[in-house]
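Chemist:
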Amino acid sequence: MAEGTWTDVRRRKPPTIQAITNFFVAGFPDSTSKGELRQTFTRFVQVVDVYIGRRKDYRKKNYSFVRFHGVREVNNLEKNLRGLICRGQQLEVN
Numbered sequence: 001m002a003e004g005t006w007t008d009v010r011r012r013k014p015p016t017i018q019a020i021t022n023f024f025v026a027g028f029p030d031s032t033s034k035g036e037l038r039q040t041f042t043r044f045v046q047v048v049d050v051y052i053g054r055r056k057d058y059r060k061k062n063y064s065f066v067r068f069h070g071v072r073e074v075n076n077l078e079k080n081l082r083g084l085i086c087r088g089q090q091l092e093v094n
C-alpha cells in the first residue's frame with residue numbers, strides 16, 4: 001500500500017429497529033382487559049399500545065391490535081408469540 005492512499009472497509013449493517021410493529025391478536029375470552037393483554041406480551045418486548053375491537057371478527061372471535069416498540073426481528077417475535085395463553089385460551093397472533 002502506498003502512503004497516503006485509502007482502503008475501503010466494508011462493515012456489517014447493524015440490525016434495523018422498526019419504530020413501531022403491529023400484530024393482530026384474536027381468540028381471547030370476553031371481558032379480557034387491555035391490561036391483561038399488555039401483561040401477556042410485555043415479557044417479550046416493550047408494548048406501546050393495545051387496542052381491543054368492540055365487535056368480534058368474522059369468525060366470531062374477539063380481536064385486538066398490539067403495538068410493540070424496538071422490535072429487531074419481527075419474524076422471531078412472531079414465532080415467540082405463537083401459542084401464548086391468555087385466561088386459559090390460546091391466542092392467534094399474526
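Number 35 in full-length UniProt numbering belongs to position 35 of the sequence shown; there are no gaps in the numbering. Ideal Cβ placement from N, Cα and C applies to all residues, glycine included. Remember, it's a predicted structure, so these values are computed and weren't measured experimentally.
1. What distance in whole Å lies between the Cβ atoms of asparagine 94 and valine 65, which are believed to be in contact at a cut-off of 8 Å?
2. Please give the ranges of any beta strand (DSSP E) in the UniProt domain "RRM" (21-94), keeping only runs that are unbroken, at least 3 residues long and fully inside the region.
3. Quick one, which of Leu84, Val9, Arg54 has its alpha-carbon nearest threonine 42's?
4. Are phenylalanine 44 and leucine 91 touching if we call contact CB-CB under 8 Å?
5. Is there a Cβ of chain D sitting closer than 8 Å to that of cysteine 86, yes or no?
6. Can you round the beta-carbon distance between phenylalanine 68 and valine 48 to whole angstroms, since I take them to be within the 8 Å contact cut?
7. Hey, out of Cys86, Gly35, Lys79, Arg72, whose CA is closest to lysine 13's CA?
8. For a quick check, are the C-beta atoms of asparagine 62 and threonine 32 less than 8 Å apart?
Modeler: This is what the structure holds:
1. If you number the sequence shown from 1, residue 65 lands on position 65. If you number the sequence shown from 1, residue 94 lands on position 94. Before going further, note that residue 65 is phenylalanine rather than valine in the sequence given. Contact doesn't hold; Cβ gap of about 11 Å is too wide.
2. Counting only runs of 3 or more, we get 46-52, 63-71.
3. Numbered from its first residue, the sequence shown carries residue 42 at position 42. Nearest C-alpha to threonine 42: Leu84.
4. Counting from 1 along the sequence shown, the entry for residue 44 is found at position 44. Counting from 1 along the sequence shown, the entry for residue 91 is found at position 91. For phenylalanine 44 and leucine 91, no; Cβs fall outside 8 Å.
5. Looking at the structure shown, chain D is missing, and only one protein chain is on hand.
6. By 1-based counting over the sequence shown, the position of residue 68 is 68. By 1-based counting over the sequence shown, the position of residue 48 is 48. Between valine 48 and phenylalanine 68 the Cβ distance is about 6 Å, and since that is below 8 Å, they are a contact.
7. Here residue 13 corresponds to residue number 13 of the sequence shown, with the count starting at 1. Residue Arg72 is the option with its Cα nearest to lysine 13.
8. For this step, residue 62 is matched to residue 62 along the sequence shown. For this step, residue 32 is matched to residue 32 along the sequence shown. In this structure, asparagine 62 sits near threonine 32, with a CB-CB distance shorter than 8 Å.
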